[in-house]
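Okay, so here's the structure we're looking at.
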Amino acid sequence: MDCIFCKIVKGEIPSSKVYEDDEILVFNDLNPQAPIHFLVIPKKHIESCNYITEENKDIVGKIFLKIKELSKEMGFFESGYRIINNCNEDGQQTVKHLHFHVLAKRKMTWPPG
Ligand code: AMP
Ligand code: ZN
């Protein structure tokens with residue numbers, strides 16, 4: 327399967343890793359939009375939010391708990407942060423492997439573009 331995030335998981339493409347366990351990989355975004363901008367992905371390929379099911383839904387909770395943990399370690403638990411998931415064309419999803427952007431250490435604006 328030609329998925330760049332699966333290739334990052336397999337180590338075929340280098341990444342700046344922030345955290346890794348059996349199920350989750352966290353790495354810095356190549357094109358950061360904030361002083362802290364990393365991506366959190368399930369190692370198992372899930373195409374998008376549209377493919378979250380009863381069978382694979384637990385990974386989403388694990389990802390959010392890991393984000394909370396990292397926010398404490400990286401010092402933005404109190405100041406705040408933004409978690410973003412882009413889905414399909416209107417959401418401007420460019421990589422079709424489920425991922426959550428985490429942006430922190432600057433004041434975000436609303437509404438998003
Ligand atoms: P999205 O537009 O939500 O699909 O986000 C894809 C994100 O992946 C973008 O923010 C890209 O900058 C980022 N990205 C693409 N390729 C890489 C890579 N090889 N390493 C790290 N981040 C990447
Ligand atoms: Zn993939």
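327 is the number of the first residue of the sequence shown in this note's numbering; add one for each residue after it.
The C-beta atom is built at its ideal place from N, Cα and C for all residues, glycine as well.
Review point. Looking at C-beta atoms only, is the number of pairs between the region 368-378 and the region 416-425 that lie closer than 8 Å three or more?
Key: yes
Review point. When DSSP builds the beta bridges, which residues end up paired with Ile362?
Key: Here residue 362 is taken as the residue at index 36 of the sequence shown, counted from 1. Looking at the DSSP assignment, Ile362 forms a beta bridge with Ala430.
Exercise for review: Output the distance between the C-alpha atoms of Lys333 and Ile385, rounded to the nearest integer angstrom.
Suggested key: By one-based count along the sequence shown, residue 333 stands at place 7. By one-based count along the sequence shown, residue 385 stands at place 59. Lys333 and Ile385 have their C-alpha atoms some 19 Å from each other.
Review point. Can you tell which of Val344, Cys329, Glu346 and Tyr345 has its C-alpha closest to the C-alpha of Glu338?
Key: Here residue 338 is taken as the residue at index 12 of the sequence shown, counted from 1. When only C-alpha atoms are compared, the closest one is Cys329.
**Study point:** Reduced DSSP secondary structure (H/G/I, E/B, other) of Ile372
**Key:** In the sequence shown, counting from the first residue as 1, residue 372 sits at position 46. The answer is coil: DSSP assigns Ile372 none of H, G, I, E or B.
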